[in-house]
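In this text, residue positions in the sequence shown follow the working numbering: the first is 483, and each later residue adds one. Glycine included, C-beta positions come from ideal geometry on N, C-alpha and C. Inspection log for the structure reproduced underneath, given as structure tokens.
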Amino acid sequence: MKLDFPNILAELRERHTLPDEEEHEDYLLSGIDLAGADLRAREFRGCVLRKVNLTDADLRRAAFVDVVFDHCDLSGCRLEDAVFQRVQFKGCRMTGADMAHNVLRNTAFTDCRMDYLNLSRAKTDRAQLTGCVLREAALAECALQKIDFDNCDLTRATIHMTPMKGIDLRSCCIDGVAIGIMDVRGMIVNSMQAVTLSALLGLIVKE
483 MKLDFPNILA ELRERHTLPD EEEHEDYLLS GIDLAGADLR AREFRGCVLR
533 KVNLTDADLR RAAFVDVVFD HCDLSGCRLE DAVFQRVQFK GCRMTGADMA
583 HNVLRNTAFT DCRMDYLNLS RAKTDRAQLT GCVLREAALA ECALQKIDFD
633 NCDLTRATIH MTPMKGIDLR SCCIDGVAIG IMDVRGMIVN SMQAVTLSAL
683 LGLIVKE
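Structure below.
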């Protein structure tokens with residue numbers, strides 16, 4: 483699946499502190515420490531965030547349009563009800579981030595550490611996750627439309643009331659995944675994964 487790339491100017495205004503304003507547009511934000519910052523309902527457009535520390539920051543109801551997160555730390559970040567449109571996350575740490583009720587459109591995650599991520603009640607429309615670690619992540623009551631998982635680690639993830647029909651997980655690790663019988667219907671898996679998931683149906687596989 484092909485995504486639309488973020489629309490970002492060739493030359494951005496570089497900042498090493500975050501301006502005290504509600505809307506941030508066409509900035510290169512580099513090396514800023516925003517740990518624990520209150521950034522609720524902020525809007526970022528046409529921005530690149532590079533090595534920005536957002537651990538435990540509050541970004542609830544924030545909006546990100548045409549944004550790149552480049553090797554940022556969003557561990558424990560509160561992102562509930564945030565909206566992402568044409569956004570890329572590259573090599574970011576997002577352990578324990580709360581992305582409940584998110585809207586993800588044309589959003590890509592590449593080589594991100596996303597264990598214990600809460601993605602419950604999120605909605606996607608064209609999203610890609612490549613080489614990401616989602617160990618023990620929570621995907622409950624999600625509407626996953628047009629989403630690709632490629633070489634991701636979903637070990638012990640919880641998938642509850644999230645229909646997975648048509649979603650291809652053959653390249654992913656799903657060891658110990660907790661998933662409902664109704665959710666697993668139509669999910670695309672390889673033969674070894676099918677044996678693992680057969681326990682959900684009460685089957686006993688013998689050679």
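Are the beta-carbon atoms belonging to Cys614 and Phe591 less than 8 Å from one another?
yes
Leaving out five residues on either side along the sequence, give the residues of the same chain with a beta carbon under 8 Å from the beta carbon of Ile656.
Setting aside the 5 residues that flank it on each side, Ile656 is surrounded in the same chain by Leu636, Thr637, Ala639, Val671, Gln675, Thr678, Leu679, each with a C-beta closer than 8 Å to its C-beta; the list follows chain order.
Ordered along the chain, which non-local residues of its own chain (more than five positions away) have a Cβ less than 8 Å from that of Pro489?
A small correction: the amino acid at residue 489 is Asn; Pro does not occupy that position in the sequence shown. Same-chain partners within the cutoff: Gly528, Asp548, Arg568.
Mind the definition here: the segment 561-581 touches the segment 487-501 only if three or more C-beta pairs lie below 8 Å; say whether that holds.
yes
Could you tell me if Arg542 is buried or exposed, where buried requires 16 or more neighbouring beta carbons within 10 angstroms of its beta carbon?
buried
Using CA atoms only, rank isn't needed, just tell me which of Thr606, Arg587, Asp563 is closest to Ala430.
The question about residue 430 has no answer here: the residues shown for the chain are numbered 483 through 689.
Rounded separation between Leu621 and Phe566 - CA only:
17 Å
Taking only the alpha-carbon atoms, compute the straight-line gap between Arg667 and Leu531 and give it to the nearest angstrom.
39 Å
Taking its Cβ as the centre, do 16 or more other Cβ atoms sit within 10 Å of Ile641, making it buried, or is it exposed?
buried
Just reading off the beta strand (DSSP E) that Leu521 is part of, what are its end residues?
That residue, Leu521, is in no beta strand (DSSP E); it is neither H nor E in DSSP.
Starting from the Cα of Ala604, find the closest Cα among Cys594, Ala625, Arg617 and give me that residue.
Ala625
Just confirm the distance between the C-beta atoms of Ile661 and Ile629, as a whole number of angstroms; I'd bet it's less than 8 Å.
Ile661 to Ile629, Cβ: 15 Å. No contact.
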